[in-house]
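Trainee: Heads up: the sequence shown runs through residues 163 to 533, numbered per my numbering. Every residue gets a Cβ at the ideal spot worked out from N, C-alpha and C, and that includes glycine.
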Amino acid sequence: AMCEDGVPGCKGFFAVVNERFENLAHQKGLLTAHGELHKQEQELVALANNPQSTLDEVKPVFAQWVAANETHLKNEEDVMMPCVKKMMEGKVNLVELLQFDIMPCIWDRPDFGFFVQHAASTLEKYPDNNPRARVFLHALHALCTPQRWHRYLPYVKAGLSPRLFHAINTEVGIEQAPMPLWAKPDPDPVPTEKAKPMIFAIMRNGHEVIRGMMKDVLISPDVQVFRERYAIFVKWQELHALCEEGGNGGRGLFQIIDEKFEGKASNAGLQAAHGRLHPLEEQLERACEDPRQTLASLQGMFRQLMEANEQHLKDEETIMMPAVSGMAQSGVNLKQMLQEDIVRTIWDRPDFGFFVQAAASILEKYPEGMP
Numbered sequence: 163a164m165c166e167d168g169v170p171g172c173k174g175f176f177a178v179v180n181e182r183f184e185n186l187a188h189q190k191g192l193l194t195a196h197g198e199l200h201k202q203e204q205e206l207v208a209l210a211n212n213p214q215s216t217l218d219e220v221k222p223v224f225a226q227w228v229a230a231n232e233t234h235l236k237n238e239e240d241v242m243m244p245c246v247k248k249m250m251e252g253k254v255n256l257v258e259l260l261q262f263d264i265m266p267c268i269w270d271r272p273d274f275g276f277f278v279q280h281a282a283s284t285l286e287k288y289p290d291n292n293p294r295a296r297v298f299l300h301a302l303h304a305l306c307t308p309q310r311w312h313r314y315l316p317y318v319k320a321g322l323s324p325r326l327f328h329a330i331n332t333e334v335g336i337e338q339a340p341m342p343l344w345a346k347p348d349p350d351p352v353p354t355e356k357a358k359p360m361i362f363a364i365m366r367n368g369h370e371v372i373r374g375m376m377k378d379v380l381i382s383p384d385v386q387v388f389r390e391r392y393a394i395f396v397k398w399q400e401l402h403a404l405c406e407e408g409g410n411g412g413r414g415l416f417q418i419i420d421e422k423f424e425g426k427a428s429n430a431g432l433q434a435a436h437g438r439l440h441p442l443e444e445q446l447e448r449a450c451e452d453p454r455q456t457l458a459s460l461q462g463m464f465r466q467l468m469e470a471n472e473q474h475l476k477d478e479e480t481i482m483m484p485a486v487s488g489m490a491q492s493g494v495n496l497k498q499m500l501q502e503d504i505v506r507t508i509w510d511r512p513d514f515g516f517f518v519q520a521a522a523s524i525l526e527k528y529p530e531g532m533p
């Protein structure tokens with residue numbers, strides 16, 4: 163239920179459905195249904211724990227709860243499966259959705275091993291003529307980092323009979339560490355003609371570098387890697403921000419938009435938004451220096467920054483892309499503009515090589531189906 167309801171710092175499936183399908187989960191009462199079932203569960207547990215209760219008294223109450231829960235599951239499936247199908251048809255990256263908005267609700271909990279072991283055991287015991295244990299564990303294997311899978315593989319083995327574990331491992335290789343999804347072969351199609359440079363991609367795809375780096379930070383396997391990746395993210399984003407704000411003799415993108423579109427960047431508060439992100443960044447920087455912080459606590463703080471930063475990127479794109487399109491249509495030399503007023507702000511800096519290398523690496527790692 164946590165994966166559906168969400169927890170602080172992680173949306174959960176119902177919130178994803180609400181965001182993408184006009185509040186559908188809320189309209190169908192899926193979240194409130196959990197509360198109604200919980201009341202029945204409490205009554206059932208109280209009855210079962212009463213030493214004076216007999217099995218004959220408990221069974222009919224349990225049967226009522228089973229009927230209510232089965233109806234609830236069917237109601238969820240009636241909403242969930244069409245939504246998942248539509249997201250697949252719309253090319254939504256379901257792996258990332260699960261990795262960043264659903265599974266983080268539970269998979270760093272100390273009882274996640276219990277979750278894995280009992281799922282495996284129950285799906286083997288009640289397969290209903292389907293390879294349910296294999297499908298569930300294959301999906302979990304694909305979602306895990308190698309470090310996380312290493313941690314939970316013993317629970318998989320404990321939940322399955324040796325016979326079924328061997329069969330599943332032979333079929334899909336779950337005993338092996340999962341290959342990171344970004345490293346799986348995905349050859350680019352052979353181009354039919356030489357690609358032409360899309361000059362403004364140095365800025366627009368800069369946003370995809372930031373998004374990729376945020377994902378990279380969030381899935382850090384331990385505190386030390388989190389600190390290292392967060393430091394890279396902050397440094398790269400600062401350089402990108404200079405291209406927008408200006409410096410080193412370059413006006414920066416925001417000033418250009420203001421000059422050509424009647425103060426549109428300032429009116430939208432784009433530069434001011436950078437300042438509003440700073441307190442969240444500074445809070446995380448202090449937390450990274452605190453040896454008492456755990457990976458889970460750092461990830462929780464970082465999710466807040468991710469949400470604020472994602473909204474900021476979208477706000478910028480809402481202004482930036484129509485403005486660039488308008489300039490291109492009116493004959494503005496975008497290449498010259500980038501050379502003299504935008505990239506100029508950073509490309510004589512000693513860390514410009516870092517800017518290039520880190521961008522290239524992260525865009526390869528998180529291509530999102532794009533070149």
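(1) Using DSSP's beta-bridge definition, name the partner residues of valine 169.
(2) Going by beta-carbon coordinates alone, are arginine 413 and aspartate 503 separated by less than 7 angstroms?
(3) Would the region 387-394 count as touching the region 445-465 if we require 3 or more Cβ pairs under 8 angstroms?
(4) Assuming isoleucine 419 contacts isoleucine 364 under a Cβ cut-off of 8 angstroms, what Cβ separation, rounded to an integer in Å, is found between them?
(5) Could you tell me the alpha carbon to alpha carbon distance between histidine 440 and glycine 425, rounded to whole angstroms?
(6) Runs of 4 residues minimum, wholly inside the region 279-347: which ones carry the alpha helix (DSSP H) assignment?
(7) Would you identify the three-state DSSP class for glycine 252, choosing helix, strand or coil?
(8) On a CA-only basis, which of Cys165, Val379, Gly431 and His474 is nearest arginine 271? Give me that one, please.
(9) Less than 6 angstroms between C-beta atoms, sequence neighbours within five positions excluded: which residues of the same chain meet that for methionine 375?
(10) Ordered along the chain, which non-local residues of its own chain (more than five positions away) have a Cβ less than 7 angstroms from that of glycine 411?
(11) Looking only at its chain, what residues have a beta carbon closer than 6 angstroms to the beta carbon of proline 383, apart from the 5 residues adjacent to it on each side?
(12) What is the DSSP secondary structure of glycine 425, reduced to helix, strand or coil?
(13) Quick one: what does DSSP say alanine 521 is sitting in, helix, strand or coil?
(14) Would you check if the distance between the CB atom of phenylalanine 175 and the CB atom of isoleucine 268 is smaller than 7 angstroms?
(15) Name the DSSP beta bridge partners of glycine 197, please?
(16) Please determine, among His474, Asn180, Val334 and Asp378, the residue with the shortest C-alpha to C-alpha distance to alanine 403.
(17) Would you report the Cα separation of phenylalanine 262 and serine 492, rounded to the nearest angstrom?
(18) Would you report the Cα separation of valine 334 and isoleucine 381, rounded to the nearest angstrom?
(19) In whole angstroms, what is the alpha-carbon distance linking leucine 460 and lysine 476?
(20) What is the DSSP secondary structure of glycine 368, counted as helix, strand or coil?
(21) Does DSSP put glycine 412 in a helix, a strand or coil?
(22) Can you tell me whether DSSP reads isoleucine 184 as helix, strand or coil?
(23) Taking Cβ positions, are valine 223 and leucine 235 nearer each other than 7 angstroms?
(24) Considering only their Cβ atoms, is the gap separating leucine 322 from alanine 281 smaller than 7 angstroms?
(25) What's the gap between the Cα of proline 351 and the Cα of methionine 532?
(26) Would you tell me roughly how many angstroms separate the C-alpha atoms of phenylalanine 327 and valine 486, rounded to the nearest one?
(27) Just to check my reading of the structure: aspartate 510 and leucine 401 have Cβ atoms closer than 8 angstroms, yes? What is that Cβ distance to the nearest angstrom?
(28) Touch check for the region 228-243 and the region 422-436: three-plus C-beta pairs under 8 angstroms?
(29) Per DSSP, what kind of secondary structure is glutamate 530 in: helix, strand or coil?
(30) Output the distance between the C-alpha atoms of alanine 329 and leucine 315, rounded to the nearest integer angstrom.
Mentor: The relevant details are as follows:
(1) Valine 169 pairs with Cys172.
(2) Against a cut-off of 7 angstroms, the Cβ pair of aspartate 503 and arginine 413 comes out as a contact.
(3) By the C-beta criterion, the region 387-394 is judged to be in contact with the region 445-465, since at least 3 inter-stretch pairs fall below 8 angstroms.
(4) The Cβ separation is near 16 angstroms, so there is no contact.
(5) In this structure, the straight-line span from the alpha carbon of histidine 440 to that of glycine 425 is close to 23 angstroms.
(6) The region 279-347 is shown to contain whole alpha helix (DSSP H) runs of 4 or more residues at 294-305, 308-321 and 324-334, in chain order.
(7) Reduced to three states, the DSSP call for glycine 252 is coil.
(8) Closest option to arginine 271, judged by alpha-carbon separation, among Cys165, Val379, Gly431 and His474: Cys165.
(9) The beta carbon of methionine 375 sits closer than 6 angstroms to the beta carbons of Phe395 and Ile524 from its chain, once the five residues preceding and following it are set aside; these are given in chain order.
(10) Arg506, listed in sequence order.
(11) Cβ contact annotation for proline 383 (same chain, cutoff 6 angstroms, sequence separation greater than five): Thr307 and Gln309, in chain order.
(12) Glycine 425 sits in coil when the DSSP states are folded into three classes, being neither helix nor strand.
(13) Three-state result, alanine 521: helix.
(14) Here phenylalanine 175 is not near isoleucine 268, since their CB atoms are 7 angstroms or more apart.
(15) Glycine 197 pairs with nothing; no bridge assigned.
(16) Checked all of His474, Asn180, Val334 and Asp378; the closest Cα to alanine 403 is His474.
(17) So the alpha carbons of these two residues sit roughly 41 angstroms apart.
(18) Distance between the alpha carbons of valine 334 and isoleucine 381 is about 24 angstroms.
(19) Near 24 angstroms, if we compare the C-alpha coordinates of lysine 476 and leucine 460.
(20) Helix.
(21) Three-state result, glycine 412: strand.
(22) Rather than isoleucine, the amino acid found at residue 184 in this sequence is glutamate. Judged by DSSP in its simplified three-state form, glutamate 184 adopts coil rather than helix or strand.
(23) Going by C-beta atoms, valine 223 is not nearer than 7 angstroms to leucine 235.
(24) Cβ atoms of alanine 281 and leucine 322: not closer than 7 angstroms.
(25) Low per-residue confidence applies at proline 351: pLDDT is 47, beneath 50, and the placement is therefore not dependable, though the value from the model is reported in the following sentence. Roughly 11 angstroms between the two C-alpha positions.
(26) Cα to Cα, phenylalanine 327 sits roughly 56 angstroms from valine 486.
(27) Wrong, their Cβ atoms sit about 12 angstroms apart, outside the cutoff.
(28) They do not touch, by the three-pair rule.
(29) DSSP, reduced to helix, strand and coil, places glutamate 530 outside both helices and strands of the structure shown, so it counts as coil.
(30) Approximately 15 angstroms between the Cα atoms of the pair.
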